[in-house]
Each structure stands twice: as structure tokens, then as C-alpha cells.
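Protein chains in written order, with the working numbering: chain X, 847 to 1119; chain P, 847 to 1119. To start, the structure under review is shown below, and the notes come after it.
2 protein chains.
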Amino acid sequence: MSEKGQKVGKMFIVGFGPGSEDHITSRAKKVIEESNVIVGYTTYIELVRDLIRGKKIIYTGMTEEVDRAKKAIDIAKKGNTVVVISSGDAGIYGMAGLIFQVLKEDGWRPSYGLEVEVVPGVTALSAVGSLLGAPLMHDFASISLSDLLTPWEVILKRVEAAAQADFVIALYNPKSGRRTWQIVETQKMIRKYREGSTPVGIVKSAYRDGQNIIITDLDHMLDFPIGMLTTIIIGNSSTFTYEELMITPRGYHNKYELSMKKMALEVPLAVPE
Amino acid sequence: MSEKGQKVGKMFIVGFGPGSEDHITSRAKKVIEESNVIVGYTTYIELVRDLIRGKKIIYTGMTEEVDRAKKAIDIAKKGNTVVVISSGDAGIYGMAGLIFQVLKEDGWRPSYGLEVEVVPGVTALSAVGSLLGAPLMHDFASISLSDLLTPWEVILKRVEAAAQADFVIALYNPKSGRRTWQIVETQKMIRKYREGSTPVGIVKSAYRDGQNIIITDLDHMLDFPIGMLTTIIIGNSSTFTYEELMITPRGYHNKYELSMKKMALEVPLAVPE
């Protein structure tokens, strides 16, 4: 109850990870269980269908994020426990920011009878990285190629800065039915600074039905299908491939002696039976 | 069993998230349960103590990563199910890359009687972001300030590139007992390109005992304690603070009309009782 004796609403902004139930956190499951209303983009609702049986469900379309945020807040303010779901991490290109922006417009304060919690999840770059091997072991930049809300010049400047400074580069939203040339310009810009043989991982639908993993290189990445459900990781100057894996070493110094011969001598193991 | 009739070992490279059991994924818990050997840095082992009772546990120190990787592989090759644990996501500044590097040295192939799976987790930047509000809603760069394995010039170049291209910047390993000047140079470099009033979030021990959340700005960030357990997020040119929250809008266009007045008219709600 709030100070005024009103029923206190709760709003959880939840990232459920790549999509399979296996990769949802305990906290995300718990708050979904304890909620009575779920708000989300239709596709995401379908992905967590088994978890949300018996709840009031409010579906919204992909471009209706503002409407979704407003509905969720209004319902929570009436004393409900509302979960707004995003895939991946709600704080990375998800719903968290927009909800706080709407709350601010509404004059919300933590003491106003509406509790808000962001529940972090496994973001797409972690999910995709785990399927590719270990491409994100060194500094990386995450860039969305969607220019709906950001001018293309800003995005391309980021691509160039990241390429020049040898960041591993993760590309979210690389291409859609309408946005097709952005990934072409991006590849061209990165190619200015990196070898054509730089490893590139292209993952569609990580941990979902239709999962597809491709490891190729910068010169050939555009020969493969790239779409709405694809995340791309472009290696840095040290990234290498090995046995269908994409691996970025942790540093540039050759500090480590990795010889297994040396290992055999060094490590008297106490192995369990 | 492998083709040669040997017992097949399994190796899981697991990120358990920020540290509290709440934020571990189901998959991570499941493979920990099914394993018989756990290998990890002592501090991490302590964080998941409740999950690993009854297992053979191999502790190693923080600087003994290579030794840890070699031990884990050797034990798994003997037919054990081994979990190597990292905090956060094992693929982001974690153990995944090093293990694959050692496996490569060993001539490992997927058919060699040793299965390897990377289990993704909630990385520190997601955990920290969720506690700060929504600072990572737009393109971001993740940079480790540890110059043990990477020349400082490379790191500082990345800081500059990220600052110049208006990335939100997440800093891992900002400072330790010995490394104290790197964060000072970093702040100075970013300040060249961003206002002193740019919001900065400093989070210690996210979701662990001793958690501490500070929201300050670029000009004052060095006035606060920063250490080994701290992750820092520096906003981009659009990031703002509101009620102890740090929020980065999703774009630069003012596409969204967020007025709640408009909302009240637009949204006839079907609210559950």
C-alpha cells in the first residue's frame, strides 16, 4: 500500500534472453509467475507461451512500442503486477528506456505507488557469441543498423570509429525487408580498416527454432542470408577461426605459454573417479 | 562413448551472471547440477557455493587462468563432466576464449571425444545497466581498462574512438590496487568530447553483498570510490538522469509523442480486476 492507502502497482521490465526457456534467469521466471498481466510484442509472447498461461496478455505489434509502454504503465498504476517482456536484455535495445521516458513524462517517482524493476537477461550478443565460440573476449562495440530513429551518418561514423580502433563489432538489426543497403555500406566501411579474411559470424535465431550459424569472412559476409532475426559479429585484427569456431584472444601480448606438453609436466592432477 | 569406445568427456563453459542465484539461467543451473567437477576462481566458487555442494571443486587464483583452463580440459578428457565457471557471461572477458585457445593447442576437434558447450550468462554491463535504469538503450562500446595483456595505447585509442562517435561506454576493470592512473586518463580523454555534465553510473558488486550504486557525472566521477568490483557506464550525448535513474533514449529523432494527456485519450484500457 502506498502512503495514501492506494494499492501499489508493480512493473517488471524483463529480458527473457535469446528465446529458449533454458536461457531465462530465475528472477525473470519468478516475476512472470507472480504477475497478473503480461505486455509484449506478439512474437515475444509466443516464445514464452508456456510460462504465461492463465495471465492477462496484451499483445502489441513491433512498431507499437510507445503504445505498449503507456498501456503497461496505466495498468500497473491501477494496482496490477505487470511484466513487460523483451527478448534478450530489456536494457539493450529493449523496452526499459522507453518505459522510463514515459514514466518521466507522467511525473513518476519511486514513492508514487508504482514499483519498477528492470530484470536483466542474456543479450543477443552473449547468446550469439556462445554459439560462435568466443568472439567477444576483447573490447567490442555494439551497433544497431536501424536508422529509423538515428541518422545514418551517426551510425556510419560509429561503424568507422569501431573499425578503426579494432573493436570486435556486434551488429544488431543488420537488415530488414526495407533496410537493405545499410549492411552493404557497413561492410564496405569496415573493409577499409580490416583484412578481407577477418572472421565474421552470422547467426540467425540463436537458441530458437530455425537457428542457423555461419562463420565466414569480411569479404564474403554479404553472400549469406541476413535478415531481421540475424545478429552479426565481426572479429578484430586478432580474431581467428578454428574448427567452426570464432575465437578472439584476450589480449595482444603473447603472455601465455599454451603448449600442452608443458601442461603435462606442470599439472599433477587429482582427478575424481 | 566416442568412436574408439572411450568415455566421452564434457566441458561446459558457464557464465553465472552477476552473482546472485536469481540471475543464473536454467541452463547454467542444469549443467552445474549434472557435472561432477567444478573449476573456477575462488571468489566465483564462493558465490555459487549453494549450487555446487557435493561436487569435486578445483579452486584457482585470479591470475591462474591458463592453469585453470588446462586442468579443466585434462580432467574432462578423462571422461568427466566439467563446468568452468565465470561470473557474468563466460564469453565476455571470461574463460571461453582461453579454453578454446588451449583446446586448439591440444589439437581438439568436435569429434575427439570431448564435447564443449558455452552457456551464456547475464554480463556485467546488463546487470549494472538494470540497476542504473536504462543507460544502454543505444549503441555502446565495452572497454576493459586492464593493460596487463593489451598495450595502453590501444585501450586509450578505443576510449577516444568511442567518445568521439558518441557511444555509451561501459568500462570493465576500471581500477585495481596497482592500476590507478588508467581511469584518470580515460576520464580526461572522454571529457575532451563530452560535456562535464554527462551522466555516469558507478556500480560496485551488482546483485551481490555490498552492492553500491552511484549516479554522478563526468566531471565528478573520480571523486567516488572505484575498484576491482566496479563497473562504470558513461552516457552518450543524449543520456539524462531522472529520479536516481540514468536513461539513454533509443534514438536522436524526436519521433515519439510521449504526452500522457494524449495517452489518456488514445488508450481505452481493458484492465483485469
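Using N, Cα and C, we set each Cβ at its ideal position, and we do this for glycine too.
| Query | Result |
| --- | --- |
| In this structure, how does DSSP classify Met941 (chain P) when only helix, strand and coil are distinguished? | coil |
| Please determine, among X:Ile884, X:Val1014, X:Leu1002, X:Arg1096, the residue with the shortest C-alpha to C-alpha distance to Lys1034 (chain X). | X:Leu1002 |
| Quick check: is the beta carbon of Tyr939 (chain X) nearer than 8 angstroms to any beta carbon in chain P? | yes |
| Going by C-alpha distance, which of X:Leu994, X:Gly1042, X:Val854 is nearest Pro1020 (chain X)? | X:Leu994 |
| Span of the alpha helix (DSSP H) holding Ala970 (chain P)? | 970–978 |
| Under three-state DSSP, which class holds Leu946 (chain X)? | A quick correction: the sequence has Phe, not Leu, at residue 946 (chain X). Helix at Phe946 (chain X). |
| Starting from Pro1095 (chain X), find everything on chain P with Cβ-Cβ shorter than 9 angstroms and list it in chain order. | Gly943, Leu944, Gln947, Leu995 |
| Spell out a yes or no on whether the stretch 861–875 of chain P and the stretch 917–934 of chain P are touching, meaning 3 or more CB-CB pairs, one atom from each, closer than 8 angstroms. | yes |
| Check this for me: beta carbons of Ser976 (chain P) and Val965 (chain X), under 8 angstroms apart or not? | yes |
| Quick one: is Pro956 (chain X) near chain B, going by C-beta distance under 8 angstroms? | In the displayed structure, chain B is absent; the protein chains listed are X and P. |
| Can you check whether the C-beta of Arg1004 (chain P) is within less than 8 angstroms of a C-beta belonging to chain X? | yes |
| Nearest to Lys901 (chain P) by alpha carbon, out of P:Gly1023, P:Gly886, P:Arg955? | P:Gly886 |
| The beta strand (DSSP E) that contains Lys1050 (chain X), what's its start and end? | 1045–1050 |
| Answer yes or no: does any C-beta atom of chain P fall closer than 8 angstroms to that of Val854 (chain X)? | no |
| With a Cβ-Cβ cutoff of 8 angstroms, do Ile1015 (chain P) and Thr969 (chain P) count as a contact? | no |
| With the cut-off set at 8 angstroms, would you say Arg1096 (chain X) and Leu944 (chain P) are in Cβ contact? | yes |
| Does the beta-carbon of Ile921 (chain P), which I'm using as the reference point, lie nearer than 7 angstroms to any heavy atom of the ligand MN? | The ligand MN is not part of the structure shown, which contains no ligands of any sort. |
| For Asp1036 (chain P), which of P:Val854, P:Glu892, P:Glu1006, P:Met941 has the nearest alpha-carbon? | Looking at the sequence itself, residue 1036 (chain P) is Ile, so the reference to Asp does not match. Of the listed residues, the one whose Cα sits closest to Ile1036 (chain P) is P:Glu1006. |
| Does Gln1057 (chain P) get closer than 8 angstroms to chain X when you measure Cβ to Cβ? | no |
| Given that Ile989 (chain P) touches chain X, what residues does it touch there, using C-beta distances under 7 angstroms? | Asp985 |
| Run through the DSSP bridge pairs and tell me what Ile1060 (chain X) is partnered with. | X:Ile1048 |
| Are the stretch 875–895 of chain P and the stretch 854–861 of chain P touching by the rule of at least three beta carbon pairs closer than 8 angstroms? | yes |
| Going by DSSP, what residues sit across from Ala1016 (chain X) in a beta bridge? | X:Ser988, X:Ile1079 |
| Comparing the C-beta of Val1046 (chain X) with each C-beta of chain P, is any distance below 8 angstroms? | no |
| Which first and last residues belong to the beta strand (DSSP E) in which Val930 (chain P) is found? | 927–932 |
| Quick one: which unbroken alpha helix (DSSP H) runs of 4-plus residues sit fully inside the stretch 854–902 of chain P? Chain order, please. | 872–880, 888–893 |
| Can you list, in chain order, the residues of its chain with a C-beta nearer than 8 angstroms to that of Met1074 (chain P)? Leave out the 5 residues immediately preceding and following it. | Asn1019, Lys1021, Ser1022, Gly1023 |
| Excluding the five sequence neighbours on either side, which residues of its own chain have a C-beta within less than 7 angstroms of the C-beta of Ile921 (chain P), listed in chain order? | Val883, Val928 |
| Hey, how far is the Cα of Ile870 (chain P) from the Cα of Ser872 (chain X)? | 6 angstroms |
| Assign Thr1026 (chain X) to buried or exposed, taking buried as 16 or more other Cβ atoms, counted over all protein chains shown, within 10 Å of its Cβ. | exposed |
| Between the C-alpha atoms of Glu910 (chain X) and Met983 (chain P), what's the straight-line distance to the nearest angstrom? | 17 angstroms |
| Can you tell me which of the three DSSP states Glu1089 (chain X) falls into? | coil |
| What residues in its chain sit with their C-beta under 7 angstroms from that of Thr1087 (chain X), if we drop five residues either side in the sequence? | Pro1045, Ile1061 |
| Considering Cα atoms alone, identify which of P:Ser990, P:Gly967, P:Lys923 is closest to Arg955 (chain P). | P:Lys923 |
| Straight-line CA distance for Val1049 (chain X) to Tyr958 (chain X)? | 43 angstroms |
| Output needed for Met1092 (chain X): all residues of its chain with C-beta closer than 6 angstroms, excluding positions within five of it in sequence on either side, in chain order. | Leu978, Gly979, Pro981, Pro1045, Gly1047, Ile1061 |
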